[in-house]
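Residue numbers (my numbering), protein chains in the order written: chain C, 123 to 238; chain V, 344 to 461.
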Amino acid sequence: AQKITQTQPGMFVQEKEAVTLDCTYDTSDPSYGLFWYKQPSSGEMIFLIYQGSYDQQNATEGRYSLNFQKARKSANLVISASQLGDSAMYFCAMREGYTGFQKLVFGTGTRLLVSP
Amino acid sequence: DAGVIQSPRHEVTEMGQEVTLRCKPISGHNSLFWYRQTMMRGLELLIYFNNNVPIDDSGMPEDRFSAKMPNASFSTLKIQPSEPRDSAVYFCASSFSAGGPNSYNEQFFGPGTRLTVL
Chain C
123 AQKITQTQPG
133 MFVQEKEAVT
143 LDCTYDTSDP
153 SYGLFWYKQP
163 SSGEMIFLIY
173 QGSYDQQNAT
183 EGRYSLNFQK
193 ARKSANLVIS
203 ASQLGDSAMY
213 FCAMREGYTG
223 FQKLVFGTGT
233 RLLVSP
Chain V
344 DAGVIQSPRH
354 EVTEMGQEVT
364 LRCKPISGHN
374 SLFWYRQTMM
384 RGLELLIYFN
394 NNVPIDDSGM
404 PEDRFSAKMP
414 NASFSTLKIQ
424 PSEPRDSAVY
434 FCASSFSAGG
444 PNSYNEQFFG
454 PGTRLTVL
């Protein structure tokens, strides 16, 4: 079974608009963490935002926010005021368990294209 | 402050040759991860180390792949013999794992090594 599911292979958004990238996860462990990474065409993986399963509030980092709905097991990334530089692949990832070891499982990614 | 350093950035080799990929994690980090990224399989964790000890190598595809971490500042991923299906981008990442529930330790990725096996 897929641990992380990203159902949108590609998304288009106009500059300055907001966009939501979907991510659902599957775990029976009460302790887990969810991460979003950005991979521009240059190839590097850039960490964007983190949400812990025990966090009471949705995570925010600048223009990035995470819409965390625990009961639905979803952790959607919201990018506000899109910029051309936001065009990239976006990966959702999950860390399970209370081990201190940060093994991540990644989704298949969503390609975001921001148009002028 | 230097990030994760990987070498070489690009490697082209012929089938059957030995390939060694190198990684220097961020100083102070105690966990190191090797990933492989392909179009078909996405981003896969191959192996990870904690305090230089391999914790989980269940993602290593087969015996042709081996990884070592002789000290806290260096790791290698070796493929011997290489095959065309090993062509991929190989990422090394590091983090500091302090443990505890809900511990937040982002992984910092290196720039990757693009491997092409002809």
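Using N, Cα and C, we set each Cβ at its ideal position, and we do this for glycine too.
Report all residues from its chain with a CB closer than 7 Å to the CB of V/Ala-431; omit the five preceding and five following residues, and keep chain order.
Closer than 7 Å at the Cβ level, and outside the excluded window around V/Ala-431, lie Arg-379, Gln-380, Thr-381, Leu-458.
Which residues of chain V have a Cβ atom closer than 8 Å to the Cβ of C/Leu-143, listed in chain order?
What C/Leu-143 touches in chain V: nothing, since even the nearest Cβ is about 16 Å away.
One question on the structure: do C/Ile-126 and C/Ala-215 come within less than 9 Å of each other, judged by their Cβ atoms?
Yes, the pair counts as a contact, with Cβ atoms nearer than the cut-off.
By Cβ distance below 6 Å, which residues in the same chain neighbour V/Glu-357 in space, the five residues on each side in sequence not counted?
The residues are Leu-461.
Taking 7 Å as the limit between beta carbons, can you name the residues of its chain near V/Asp-406, skipping five residues before and five after?
For V/Asp-406, where only same-chain residues beyond five positions count, there are no Cβ hits under 7 Å.
Between the alpha carbons of V/Ser-440 and V/Ser-370, how many angstroms are there, rounded?
Each residue's Cα considered, the two are about 13 Å apart.
Please list the terminal residues of the continuous beta strand (DSSP E) segment that includes V/Asn-448.
That residue, V/Asn-448, is in no beta strand (DSSP E); it is neither H nor E in DSSP.
Between C/Ile-171 and C/Tyr-186, which are expected to be in contact by the criterion C-beta below 8 Å, what is the C-beta distance as a whole number of angstroms?
Their Cβ separation, rounded to whole angstroms, is 5 Å, which keeps C/Ile-171 and C/Tyr-186 in contact under 8 Å.
Strictly by DSSP, which residues pair up with V/Lys-421?
Partner(s): V/Thr-363, V/Ser-409.
Would you say V/Leu-364 lies against chain C (beta-carbon separation less than 9 Å)?
Answer no: the Cβ-Cβ gap between V/Leu-364 and chain C never drops below 9 Å.
Cα separation between V/Asp-375 and V/Met-403?
The sequence given here has Leu at residue 375 of chain V, not Asp. If I take the Cα positions, the gap works out to 15 Å.
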